[in-house]
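Structure record follows, encoded as structure tokens.
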Amino acid sequence: MHAPDFLKHKPLDPDSIQPQFLFPLNWTRSLLDRGTHPVHSPPSAFQPPLCLLFEELSAHIIMLKVPDHQVAGHQAGNGHPGPLIDDSGRFYKPLQDDDRGAIEAAFYTSFSSNTRVPDHIRRFFPVFYGTKLLEASDGSGQWPHLVLEDVVSGLSHPSVMDVKIGSRTWYPEASEDYIQRCFMKDRKTSSLDLGFRISGLQLYESEESGLWKPDRKFVQHLSADEVRVVLKKFVSSNSPIDPNLNPDCSFASSVYGGSSGILAQLLELKSWFEDQTIYHLNSCSVLMVYDKKKELKGESSDAKVKLIDFAHVTEGNGIIDHNFVGGLCSLIKFISDILTSPDECTTKVCLQNSDNNNQEILTGSNECTTKLSL
């Protein structure tokens, strides 16, 4: 693969970064009783271990933990570390140990100082704080991490959806083997047909039920009608797993709609991407987030959109990123259709619950014969 020009802005080599010292702690009942566990997780959910990060030359202690809101992307396992978060609103993403890690670090470094990116667009990207060498969350040793804004920090009960944008998730300079693997996945999922696929999601239900996370491998293979239903469930007040309830779209107008809702934010991004030729965001995701508990209480949901995952970014070289724009337009149409006709095109789908893969979840009941013009 030919390295993009922005790799010239590559940050400090991880070996030159002053190491941090990370000490794992047992996840004990006393810690749980002190309220350090995620208060909105189901009682039976896995409770991640805590770590203490002691910064050199500083008496400040930062508590790190595995995020419970990760719905897609790489997780700890098989010798690869997973992400961490702290209580100050920062997200620690381990760099992948190949070109992808170098490219993502270089992108953030380049993007943060690129004067051609307007300020109103920067808010759609996580704030970049640099890199740190940390002990990996899986105990596999020290690992360089990107230090980013934790986009759900401050939301007590976030509902999150990760949508991978583009009908093509591979980049032209990739190896033939990698292109074939990506092409097969794009064809088997909704990417090729819709221009995007849902990579994962979580929905807040209630204090008693906690979070609902359908199996993300299954979610990625939804049809157009099923994707529409999931997008409806994302902004509904009733239970996503009750077989007798259709999505009511109670929060569609406040979360998707309005001058500061998700649709308006996506349209703002679209306007810029229709002209920008700096970067091509291959295999990038749109993260849609809001606080459902606030919606249930009639308060502002803090709905927001962020772009994440830049390990496959390439130079734009003066060419519009049509692959990204096309996928973004498709997602915009789906959300716009929900706002204009929320009661149409529901269908029954069988989604897999993360706790019980055999559980059937009714997400609609009416037949739909309307075809979307994408």
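Residue numbers (our numbering): 4 to 377.
C-beta: ideal position from N, C-alpha, C; glycine also.
Values in this document were obtained by computation on a predicted structure and should not be read as measured data.
- Spanning the alpha carbons of residue 242 and residue 217 requires a straight line of approximately 13 Å.
- Comparing C-alpha distances from residue 271 to each of 233, 341, 127 shows the shortest one belongs to 127.
- For the set 117, 105, 97, the Cα lying nearest the Cα of residue 138 is the one of 97.
- Cβ neighbours of residue 342 within its own chain (closer than 8 Å, five residues either side excluded): 255, 256, 259, 260, 266.
- Under the 10 Å beta carbon count, residue 164 is surrounded by 16 or more other beta carbons and is classified as buried.
- Cβ contact annotation for residue 132 (same chain, cutoff 6 Å, sequence separation greater than five): 150, in chain order.
- Residue environment for residue 291: buried (at least 16 other C-beta atoms within 10 angstroms of its C-beta).
- Taking all protein chains in view, the Cβ of residue 192 is crowded by 16 or more other Cβ atoms within 10 Å, so the residue is classified as buried.
- Buried is the label assigned to residue 205, since at least 16 other Cβ atoms lie within 10 Å of its Cβ.
- In this chain, residue 144 is not harboured by any beta strand (DSSP E), its DSSP state being neither H nor E.
- Taking C-alpha positions only, residue 332 is separated from residue 169 by approximately 10 Å.
- Note that the region 114-129 does not touch the region 173-183; fewer than 3 beta-carbon pairs, one per stretch, sit closer than 8 Å.
- Under the three-state reduction of DSSP, residue 305 is assigned to coil, being neither helix nor strand.
- Collapsing the DSSP output to three states places residue 273 in a helix.
- Here residue 125 is exposed: its Cβ has fewer than 16 other Cβ atoms, across all protein chains shown, within 10 Å.
- With a contact defined as Cβ atoms closer than 8 Å, residue 330 and residue 186 miss out at about 15 Å.
- Under the three-state reduction of DSSP output, residue 327 falls in the helix class.
- For the set 166, 282, 213, the Cα lying nearest the Cα of residue 109 is the one of 282.
- Excluding residues up to 5 positions away in sequence, 337, 338, 341 lie with their Cβ nearer than 7 Å to the Cβ of residue 234 in the same chain.
- The continuous beta strand (DSSP E) containing residue 167 extends over residues 161-168.
- Just measuring C-alpha positions, the residue of 182, 214, 166 sitting nearest residue 194 is 166.
- Collapsing the DSSP output to three states places residue 268 in a helix.
- With contact defined as three or more Cβ pairs closer than 8 Å, the region 87-95 and the region 298-306 are not in contact.
- Comparing alpha-carbon positions, the option among 156, 263, 320 lying closest to residue 95 turns out to be 156.
- Here DSSP, grouped into helix, strand and coil, assigns residue 322 to coil.
- Take residue 119, set aside five residues on each side of it, and the residues of its chain with a beta-carbon closer than 7 Å to its own are 281, in chain order.
- Under DSSP, residue 288 shares a beta bridge with 167, 311.
- The beta carbon of residue 99 lies closer than 7 Å to those of 314 in the same chain, with the five residues before and after it left out.
- Residue 286 counts as buried, since at least 16 other C-beta atoms from the protein chains shown sit within 10 angstroms of its C-beta.
- For residue 237, there is no enclosing alpha helix (DSSP H), since its DSSP letter is neither H nor E.
- For the alpha helix (DSSP H) assignment, the uninterrupted runs of no fewer than 4 residues enclosed by the region 171-256 are, from N- to C-terminal side, 179-191, 194-197, 219-222, 227-236.
- For residue 110, the uninterrupted alpha helix (DSSP H) segment begins and ends at 102-116.
- Sequence-distant partners of residue 104 (beyond 5 residues in either direction) whose C-beta falls short of 6 Å from its own C-beta, in its chain, are 98.
- Spatial neighbours of residue 268 in its own chain (CB-CB distance under 6 Å, excluding positions within 5 residues in sequence) are listed in chain order as 308.
- In the DSSP assignment, residue 137 falls within the beta strand (DSSP E) that extends over 131-138.
- The continuous beta strand (DSSP E) containing residue 88 extends over residues 87-89.
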